[in-house]
Amino acid sequence: MNNPEVIYANLTGDSEPFVTDSLCVNCEKQGKTTILLTKIPMFSNIIIVSFDCEHCGYKNNEVQFGGEIKEKGIKLHLKVNEPKDLQRQIIRSEFCKVLIPELEFEMPSNKKSSINTLEGFLQNIIDDLSHDQPIRKFTQVEVYDRIEYIIGKLKEFKEGQGLPFNWMLEDPSGNSFIQNLNELQDDPSLKIQHYIRTIEELEAMGYSAENQKQEVQQLQQQQQIITDPIHQGTEQIQAGGQNFNQSIEDSVKNESINIPTPCNVCKEMGENKMCTVTIPHFKEILIMSFNCGFCGFKDTEVKATGEISKQGKIIELKFENENDLCRDVFKSDTAKLIIPEIELELGTGTLGGVYSNVEGLLEQILTRLRDNNPFVGDSADDNYRKKMESFFQKLEEFKSGKSKFTLIIRDLVENSFIQNPYYPNEDTQVKITLFDRTPEDNDELGIDTMKTENYQN
2 MNNPEVIYAN LTGDSEPFVT DSLCVNCEKQ GKTTILLTKI PMFSNIIIVS
52 FDCEHCGYKN NEVQFGGEIK EKGIKLHLKV NEPKDLQRQI IRSEFCKVLI
102 PELEFEMPSN KKSSINTLEG FLQNIIDDLS HDQPIRKFTQ VEVYDRIEYI
152 IGKLKEFKEG QGLPFNWMLE DPSGNSFIQN LNELQDDPSL KIQHYIRTIE
202 ELEAMGYSAE NQKQEVQQLQ QQQQIITDPI HQGTEQIQAG GQNFNQSIED
252 SVKNESINIP TPCNVCKEMG ENKMCTVTIP HFKEILIMSF NCGFCGFKDT
302 EVKATGEISK QGKIIELKFE NENDLCRDVF KSDTAKLIIP EIELELGTGT
352 LGGVYSNVEG LLEQILTRLR DNNPFVGDSA DDNYRKKMES FFQKLEEFKS
402 GKSKFTLIIR DLVENSFIQN PYYPNEDTQV KITLFDRTPE DNDELGIDTM
452 KTENYQN
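Next comes the structure, spelled out in structure tokens:
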């Protein structure tokens, strides 16, 4: 008996493309399908499938996600202001919906993932809409006219005319992505929102909603625990006067509230520890440390406490020597981080709340930009890859103390801090400036929509 033909290959990130014969849907002759698994760090395993028929010339490309769906869904809102935005690489998952509000256009999920530039996606939409137009012209005149108008506007957008317009993706799987053309700086044209998917969205993706219902029940139980901590045998302890030179782990271990919390990874119950710690000459911060004894997942979050200040604050540190790497730094989740020497600008929520020293903060920046940029690896073009490698090299030099640089933290509220090792003497290397927030800053903080009086009504 002949050995059966191998249809599936055990693909890895280092695998060569796997080629197999496939039936062409156009001419029904044999074509070639090429399959390659590409790993995008901290994003997803992507299987690229490319079909080519040498008989009729039919071609087809698609992307399939080899990993699991993300913990939350994602909404991506890109405002296309200039022609270069059309060259942004976009990954659209099979569950992703596309919206162009200016045209009242909505393209539902089509159970087919794809990767392309924005210009390429616009061309694909034009081709799809144009396919049945000759028939509509005689059978559905009103529909034909409306679609012709949309096709005309899409062609203008594709040529960089009629800008700006908005390109929006809504993906309950969380696996869609829009490239930031300058990864080193904040992207004012792109807004990203993560959201908790509904049970209906989960079922629409073909997953059982039973686990989702259990999570909702666990969250309800958790809320009951929070409202009645004494019932659970825990005690809220204010850690005022805490020695901040102690490690965070020791501080949390000695005085904390312990709250049972479901793990984000394995969904088993873990333990969330919280305590307040006073930073000398600054304010109290809230430290939350989660540990799952079942799968080992750990997570730490740091937030400033107290009221929202009337002004924002800019802290500028001039790095002089290796001793400055040991300075304590607290960057709040409302702070933007800037290093002008390498034109680096990270948005307010990029790193979240971070308590570390200068060296540790630089290490987190390196990890974030290396692992969370799907276009830094093999998929990047040579110029972009060389630019990022040079950038990473400069950051490594800063982290090792070999080069001088400037660290700027721009906080919308006065919740960030850089240690003064010379206290009570003046720190000549640090400059602090207070500034008035703009209406856009207040909108980002949600201040204008806060109701602080008669909120029970």
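Throughout the sequence shown, residue numbering follows my numbering, covering 2 to 458 in sequence. Heads up, the beta-carbon is just placed ideally off N, CA and C, and yes, glycines get one too. Since we're looking at a predicted model, the values are computed, not measured.
Just how far apart, CA to CA, sit residue i and residue j?
i, j, result
"C327", "N358", "5 Å"
"I193", "G121", "22 Å"
"K1", "K113", "As displayed, the chain neither begins before 2 nor continues past 458, which places residue 1 out of reach and without an answer."
"T97", "P109", "According to the sequence provided, residue 97 is Cys. The question's Thr does not apply to it. C97 and P109: Cα-Cα distance of roughly 7 Å."
"I49", "A305", "44 Å"
"R386", "L318", "29 Å"
"S333", "V303", "8 Å"
"N183", "G353", "20 Å"
"D86", "N181", "9 Å"
"G294", "E269", "9 Å"
"T349", "T429", "26 Å"
"V26", "G58", "12 Å"
"M206", "M389", "36 Å"
"I448", "F436", "16 Å"
"I260", "E285", "21 Å"
"S310", "N443", "11 Å"
"S23", "S51", "11 Å"
"P84", "L119", "10 Å"
"L203", "N426", "58 Å"
"C264", "K30", "51 Å"
"E143", "E105", "16 Å"
"T262", "T301", "14 Å"
"V464", "E63", "Any property of residue 464 remains undetermined from this structure, which presents the chain solely from 2 to 458."
"T140", "F178", "39 Å"
Could you pull out every residue in the same chain whose Cβ sits closer than 8 Å to the Cβ of residue i, ignoring the five residues on either side in sequence?
i, result
"Y145", "Q134, R137 and K138"
"T21", "I8, K33, T34 and I36"
"Y196", "K73, G74, I75 and K76"
"G271", "P261, T262, P263, C264, F291, N292, C293, G294, F295 and F298"
"E397", "L367"
Please work out which residues of its chain come closer than 6 Å, Cβ to Cβ, to residue i, disregarding the five sequence neighbours upstream and downstream, and give them in chain order.
i, result
"L100", "E107 and M169"
"F320", "K405 and F406"
"E445", "none"
"A240", "Because the pLDDT at A240 is just 35, under 50, the model does not fix this residue reliably, and the point stays unresolved."
"R130", "According to the sequence displayed, residue 130 carries Leu and not Arg. Within the same chain, L130 has close Cβ partners I148 and I152."
"K76", "E171 and Q194"
"N167", "K80 and P102"
"F283", "F418"
"H56", "C28 and K30"
"H78", "M169 and K192"
With C-beta atoms as the reference, is residue i less than 8 Å away from residue j?
i, j, result
"I419", "I316", "yes"
"S174", "G74", "yes"
"F331", "I280", "yes"
"D187", "L367", "no"
"I91", "N111", "no"
Ordered along the chain, which non-local residues of its own chain (more than five positions away) have a Cβ less than 7 Å from that of residue i?
i, result
"T228", "The predicted position of T228 is uncertain, since its pLDDT is 40 and thus under 50; a value taken from the coordinates is nonetheless stated next. Around T228: no qualifying Cβ."
"Q162", "none"
"P165", "K80, V81 and N82"
"D412", "G313, K314, S333, T335 and A336"
"D53", "G32, K33 and K60"
"L408", "L318, F320, I340 and V359"
"K299", "F291 and N292"
"P422", "R328"
"Q124", "K159"
Is residue i buried or exposed, if buried means 16 or more other CB atoms sit within 10 Å of its CB?
i, result
"V414", "buried"
"D172", "buried"
"G242", "For G242, the pLDDT reaches just 38, beneath the cut-off of 50, and the residue's location in the model is therefore unreliable, leaving the point undetermined."
"Y150", "exposed"
"T439", "exposed"
"C28", "exposed"
"E95", "buried"
"C296", "exposed"
"K274", "buried"
"Y356", "buried"
"T199", "exposed"
"K159", "buried"
"D325", "buried"
"I433", "exposed"
"N416", "buried"
To the nearest whole angstrom, what separates the beta carbons of residue i and residue j, a pair I think is in contact under 8 Å?
i, j, result
"R89", "S115", "14 Å between Cβ atoms; not a contact."
"E364", "K400", "6 Å"
"I127", "K156", "6 Å"
"T35", "P18", "5 Å"
"E308", "G402", "Incorrect: roughly 37 Å between the Cβ atoms, too far for contact."
"T1", "R371", "Because the chain in this structure spans residues 2 to 458, residue 1 falls outside the shown range and cannot be described."
"L338", "I410", "6 Å"
Is residue i near the ligand MG, in the sense that its beta carbon is under 7 Å from a heavy atom of that ligand?
i, result
"I260", "Of the ligands one can find in the structure shown there are none, so the ligand MG has no counterpart to examine."
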